[in-house]
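Protein chains in written order, with the numbering used here: chain B, -2 to 243; chain G, 166 to 467; chain U, 36 to 321.
Glycine is no exception: its CB is placed at the ideal position from the N, C-alpha and C atoms.
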Amino acid sequence: MNMLEIENLDVWFGTARNRVEAVKAAIFDVAQGESFGLVGESGSGKSTILRAITGLAPNWSGRITVQQTALTKKRPKAFFKTVQMVFQDPYASLHPRHSVDQVLGETLHLHGFKQIDARVVKLLDDVGLGQKFRFRYPHQLSGGQRQRVAIARALAPEPALLLLDEPTSALDVSVQAEILNLLADLRQEHKLTYLMVSHDLSVVGHMCDRLAVMKDGEIVEIMDVAALQRMEATHPYAQHLLQASI
Amino acid sequence: MAEHYLRAWLLTDTPTSRRHAKMSALYQGWLSFRSNTMAMIGLIILLLLVLIAAAAPLISPHDPFVQDLGNRLAPLGTPGHIFGTDSLGRDILSRLIYGARITLYIVALVALIAPVVGLLVGTVSGYVGGWVDVVLMRITDIFLAFPRLVLALAFVAALGAGIENAVLAISLTAWPPYARIARAETLTIRSSDYISAIQLQGAGALRIITKHIWPLCISSLIVRVTLDMAGIILAAAGLGFLGLGAQPPSPEWGAMISEGRRFILDHWWVATMPGLAIFTVSLAFNLLGDGLRDVLDPKAGE
Amino acid sequence: MMENLLDVENLWVKFPTRQGVFDAVRGVSFSLGRERLGIVGESGSGKSMTGRAILRLIRSPGIVAADHINLDGVDLLKKTEKEMRAVRGRRISMVMQDPKFSLNPVTTIGDQIIEAYRLHNKTSKSEAYAKAIEMLNAVSIRDAERVMRAYPHEMSGGMGQRIMIAMMLIPNPEILIADEPTSALDVSVQRQVLDIMDGLVKERGMGLIFISHDLNLVADFCDRVLIMYAGRIVEVCEANKLHEAKHSYTRGLLNSLPRLDAPRDRLEVLKRDPAWSEAPSVSGRV
């Protein structure tokens, strides 16, 4: 069964003369429990696909299906219980005046959970932070700790599909290893499906089962990670990208 | 020892409860505010003003309304009347002390009305966008197009003279700049990741505006309000001076200057003393505003 | 024995804070010849501070202290601020991470390069213009005439960084300090910019200090590498032998990278040893 199906997805910004086609006729699907990577350079439209799925990029056409339900322009509240997103920059994705407790508590409240206190504690344990971080403000946390909070927030509504927008590109390599391990563990524990965007082929190679290579808004090649590791890209651009990242 | 323990508790990086975290954040802000000497001077002047206004009946040497025509226009340093008396023989010091109450009343009311209106209009306009933004911002432009005192004059003329109407008129003319600031802040905040993140939790516009955007706008508004306070006091004094604000015999500072104007060449202190009072309080607000900006400005933080 | 362009002895950078003095750099010594010297470390390791401290670009209340920072035998710390300005740019240049913040947004690129050139050389405008075109060509910018007329926001990240490098090289400095010059760029562009920098440095016999968090990049690009941790140098090695590094911190960093050619189920997590930050700084002198 497919968790996510994308058919002929076009995403654009601006109107008329200023219209920029960010994504052109993207087609791919992600199976239940799979981890799928989107790879490309900046401006290739990989993050835009995530923003279109979540509704943050409102101008799109084509078909997006999540768990067999086609999405319309407006996302119902239940949608956000299925799909959640982790942003690239942990320094920008947490409200500067909200403590960790407020961030998680509000998220749980919005999704109608009861026993919020107990759940906040559990979420913090899940992402390896623990109680003592509960009442801290973002400026009292390191980059890796912030990203853990952001992951906890995304896990709060118990989603099935997690969209990861370059979750480690703003972090040091040692912290990146911790976060990638955490994401791998969480995927196993919570039976999550990942759609991960990255410019780093080795990160995608480590985290994903299959990947799509994007260039200028188009998907030029879809391959599985075994092929990636054998450096067997067919499209010249994908080949070039592979060479550059070795 | 206990003090030392309290300080450590307040400065901790690992707060243990919601209240602890709040207190700690407040204390850190207070510490950085305290290190700004000028702002502390401003704060002390304003605290003194509040004390004086509260204790006016206790500390004023005379009744501010009692006339003594035999002793009119007594100069500075006259025994019993250290700041002299005005044209009706009333003690200027006592009138200044009671006038502090009126000044605070005006300042408090304007500070309650104008920024709140501005915040509402600005954040809604900035967050919702589209035609709501266009309509609200054009209304703001209309208000901005008039010189403040002229517009206030028109309002007071329509509503009738008096302190309450003067406050209302000043508030009505003071909100547009706040709306502009709030809108500009909202536009940058709206596109940030943490707003996207809460949108992805299904939060509605009302919650996002009140719980996520307001806390970030309020600090810059508070700074702007304290910096504007001087102008508001001056506008109130100006209306008083023109006879459209506080009515005689009320000891409003602007009205006092207006009365003293007739004698300014021979009896300069009658107009100068309330002028100095206005100057001191305005300066205090400006100093305080500068200090608050250093503490509250989110861009300076991190 | 290679000639030393720069010699730094016992460099400290301190920041007084409310909780006491924070030492960003703690007693670092190294020398730089006509070579490509890499400084690697995580954020907060003091690598950028080291680069800025050489040019005395640490903003107050930060304090730079050292036994000496000798440039050709002359101590930079003894120079006045005015004399320092003659050193910055003319003898030691610096390329920052994001070109967008280093270029003036309201002036065309051409005007900025010409101004920079005429600041250091007394020449006519037309001569400066010709020189600017030459510089842009040197950093592989094809239609230099068009770029000269453009504004910084019209440039892509890679272009902007090349322009910055061109500007930094105009006064023909002896030393170039590059602080994460390619981190904001895409992988394929990264390579081009590095190649350009490499060519220029070799051609002119300059010394290069290359500050980066990317171990593989530094191993590839530099001659010698200093590895910094918590304000100290924990290890110095030849760049091509970086993958045989001994220190457990360097090893930990290398092992925490995911690798395409050696897939693993779990990445190794760096276990920080408090002894690393206690151990005295290793000398980076040749």
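Next on the checklist: How far does the alpha helix (DSSP H) with U:Met232 in it extend, from its first residue to its last?
Outcome noted: Within the third sequence, numbered from 1, the residue matching residue 232 of chain U stands at position 197. Looking at the DSSP string, the run of the alpha helix (DSSP H) that includes U:Met232 is 222 to 239.
Checklist entry - According to the neighbour-count rule (16 or more other Cβ atoms, all chains shown, within 10 Å of its Cβ), is G:Trp434 buried or exposed? => result In the second sequence, the residue the question calls residue 434 of chain G occupies position 269. It counts as buried.
Next on the checklist: Please return the same chain residues whose Cβ sits closer than 8 Å to the Cβ of B:Ala49, not counting the five positions on each side in sequence.
Outcome noted: Residue numbering aside, residue 49 of chain B sits at position 52 when the first sequence is read from its first letter. Answer for B:Ala49: Leu6, Val8, Val20, Trp57, Ile61, listed in chain order.
Checklist entry - Who are the neighbours of B:Lys129 on chain G, taking C-beta pairs under 8 Å? => result As a working mapping, residue 129 of chain B is identified with position 132 in the first sequence. By Cβ distance, chain G contributes Thr179, Thr181.
Item to check | Amino acids of chain B, ordered along the chain, whose beta-carbon sits closer than 9 Å to that of G:Gly367 | outcome: Position 202 of the second sequence, counting from 1, holds the residue named residue 367 of chain G. Here the neighbours are Arg72, Pro73, Lys74, Ala75, Phe76, Phe77, Lys78, Leu107, His108, Pro154.
Item to check | First through last residue of the beta strand (DSSP E) which encompasses U:Ile262 | outcome: Within the third sequence, residue 262 of chain U is the residue found at index 227, counting from 1. It spans 259 to 264 - the beta strand (DSSP E) in which U:Ile262 sits, taken as one unbroken run.
Checklist entry - Does the pairing of the stretch 106 to 125 of chain B with the stretch 147 to 160 of chain B give three or more beta-carbon distances under 8 Å? => result yes
Checklist entry - Can you name the start and end residues of the alpha helix (DSSP H) that B:Pro55 belongs to? => result Counted from its first residue, the first sequence places residue 55 of chain B at position 58. Premise fails: B:Pro55 is in no alpha helix (DSSP H) and is neither H nor E.
Next on the checklist: Which same chain residues end up closer than 7 Å to B:Gln137 when comparing Cβ atoms and leaving out the 5 residues on each side of it in sequence?
Outcome noted: Residue 137 of chain B sits at position 140 when you count from the first residue of the first sequence. None.
Checklist entry - Should G:Gly325 go down as buried or exposed, given a rule of 16 or more other Cβ atoms within 10 Å for buried? => result Along the second sequence, read from residue 1 onward, the residue named residue 325 of chain G stands at position 160. Exposed, since its Cβ has fewer than 16 Cβ neighbours within 10 Å.
Item to check | chain B contacts from the stretch 60 to 86 of chain U (Cβ-Cβ distance under 8 Å) | outcome: Glu77, Ser78
Checklist entry - Can you give the beta carbon distance from G:Leu381 to B:Arg94, rounded, assuming they're within the 8 Å contact cut? => result Numbered from 1 along the second sequence, position 216 holds the residue referred to as residue 381 of chain G. Numbered from 1 along the first sequence, position 97 holds the residue referred to as residue 94 of chain B. With 8 Å as the limit, G:Leu381 and B:Arg94 qualify as a contact, their Cβ atoms being about 7 Å apart.
Item to check | Backbone secondary structure at U:Asn139 - three-state DSSP | outcome: Working through the third sequence from its first residue, we reach residue 139 of chain U at position 104. The answer is coil: DSSP assigns U:Asn139 none of H, G, I, E or B.
Checklist entry - Does the stretch 439 to 456 of chain G come close enough to the stretch 416 to 424 of chain G that 3 or more CB-CB pairs lie under 8 Å? => result yes
Item to check | Close beta carbons around G:Ala465, own chain, < 6 Å, minus the five adjacent residues each side | outcome: For this step, residue 465 of chain G is matched to residue 300 along the second sequence. Its pLDDT being 45, under 50, G:Ala465 is placed unreliably by the model, and the measurement read from it follows with that caveat. So the list is empty, once near-sequence residues are dropped.
Checklist entry - Going along chain B, which residues have a C-beta under 8 Å from G:His185? => result As a position in the second sequence, residue 185 of chain G is number 20, starting the count at 1. What G:His185 touches in chain B: Phe132.
Item to check | Inside the stretch 120 to 182 of chain U only - beta strand (DSSP E) runs reaching at least 3 residues | outcome: 127 to 130
Item to check | In chain order, each alpha helix (DSSP H) run of at least 4 residues that lies wholly inside the stretch 109 to 153 of chain B | outcome: 113 to 123, 140 to 152
Next on the checklist: Per DSSP, what are the beta-bridge partners of U:Tyr284 in this structure?
Outcome noted: The residue labelled residue 284 of chain U in the question sits at position 249 within the third sequence. DSSP output for U:Tyr284 lists no bridge partner at all.
Item to check | Local Cβ density within 10 Å of U:Met202, reported as buried at 16 or more and exposed below that | outcome: By one-based count along the third sequence, residue 202 of chain U stands at place 167. With 16 or more Cβ atoms within 10 Å of its Cβ, U:Met202 is classed as buried.
Item to check | From B:Leu1, B:Ala75, B:Phe130, B:Tyr88, residue whose alpha carbon lies closest to that of B:Leu101 | outcome: Stepping through the first sequence from its first residue, residue 101 of chain B is reached at position 104. When only C-alpha atoms are compared, the closest one is B:Phe130.
Checklist entry - So G:Ala400 and G:Ile335 are in contact, right, with Cβ under 8 Å, and what is the actual spacing, rounded? => result If you number the second sequence from 1, residue 400 of chain G lands on position 235. If you number the second sequence from 1, residue 335 of chain G lands on position 170. G:Ala400 to G:Ile335, Cβ: 5 Å. Contact.
Checklist entry - Whose C-beta lies closer than 7 Å to the C-beta of U:Arg125 among residues of the same chain, with five residues either side of it excluded? => result Taking the third sequence and counting its residues from 1, the one referred to as residue 125 of chain U is at position 90. The answer, listed in chain order, is His155, Pro206, Pro208.
Checklist entry - Should the stretch 104 to 123 of chain B be called in touch with the stretch 189 to 207 of chain B, which here means at least 3 C-beta pairs below 8 Å? => result no
Item to check | Alpha-carbon to alpha-carbon, U:Ala314 and U:Leu235 | outcome: For the purposes of this step, residue 235 of chain U is identified with residue 200 of the third sequence, where counting begins at 1. For the purposes of this step, residue 314 of chain U is identified with residue 279 of the third sequence, where counting begins at 1. One C-alpha to the other measures close to 37 Å.
Next on the checklist: Under 7 Å, Cβ to Cβ, is there at least one residue of chain B near U:Asp221?
Outcome noted: For the purposes of this step, residue 221 of chain U is taken as residue 186 along the third sequence, with counting starting at 1. Interface residue, yes.
Item to check | Proximity below 7 Å, CB of U:Ser318 to CB of U:Arg267 | outcome: For the purposes of this step, residue 318 of chain U is taken as residue 283 along the third sequence, with counting starting at 1. For the purposes of this step, residue 267 of chain U is taken as residue 232 along the third sequence, with counting starting at 1. The answer is no: Cβ separation not under 7 Å.
Next on the checklist: Quick check: is the beta carbon of B:Asn178 nearer than 7 Å to any beta carbon in chain U?
Outcome noted: In the first sequence, counting from the first residue as 1, residue 178 of chain B sits at position 181. Taking Cβ atoms only, chain U reaches closer than 7 Å to B:Asn178, which makes this a yes.
Next on the checklist: Would you say B:Asp169 lies against chain U (beta-carbon separation less than 7 Å)?
Outcome noted: On the first sequence, position 172 is the one that residue 169 of chain B refers to. Answer yes: the Cβ-Cβ gap between B:Asp169 and chain U drops below 7 Å somewhere.
Item to check | Residue from B:Thr231, B:Glu215, B:Asp182, B:Ala235 with nearest C-alpha to B:Ala198 | outcome: Within the first sequence, numbered from 1, the residue matching residue 198 of chain B stands at position 201. Before going on, a small fix: residue 198 of chain B reads as Leu here, not Ala. It is B:Ala235.
Item to check | Integer Cβ distance of G:Val297 from G:Ser290, believed to fall under 8 Å | outcome: Position 132 of the second sequence, counted from the first residue, corresponds to residue 297 of chain G. Position 125 of the second sequence, counted from the first residue, corresponds to residue 290 of chain G. The pair is a contact, with the Cβ atoms about 6 Å apart (cut-off 8 Å).
Item to check | For B:Leu158 and B:Val63, believed in contact at Cβ under 8 Å, the rounded distance | outcome: Locating residue 63 of chain B in the first sequence gives position 66, counting from the first residue. Locating residue 158 of chain B in the first sequence gives position 161, counting from the first residue. The pair is a contact, with the Cβ atoms about 7 Å apart (cut-off 8 Å).
Next on the checklist: Within 10 Å of its beta-carbon, does B:Pro156 have 16 or more other beta-carbons around it, so buried, or fewer, so exposed?
Outcome noted: Counted from its first residue, the first sequence places residue 156 of chain B at position 159. Counting Cβ neighbours within 10 Å, B:Pro156 comes out buried, since at least 16 surround it.
Checklist entry - From what residue to what residue does the alpha helix (DSSP H) around U:Lys113 run? => result Here residue 113 of chain U refers to the residue found at position 78 of the third sequence. From DSSP, U:Lys113 is part of no alpha helix (DSSP H); its letter is neither H nor E.
Next on the checklist: Just to confirm before moving on: does the CB-CB distance between B:Val27 and B:Met0 stay below 7 Å?
Outcome noted: Numbered from its first residue, the first sequence carries residue 27 of chain B at position 30. Numbered from its first residue, the first sequence carries residue 0 of chain B at position 3. Cβ atoms of B:Val27 and B:Met0: closer than 7 Å.
Item to check | Closer than 7 Å to chain B by CB, G:Ser357 | outcome: Within the second sequence, residue 357 of chain G is the residue found at index 192, counting from 1. Cβ-Cβ to chain B under 7 Å: yes for G:Ser357.
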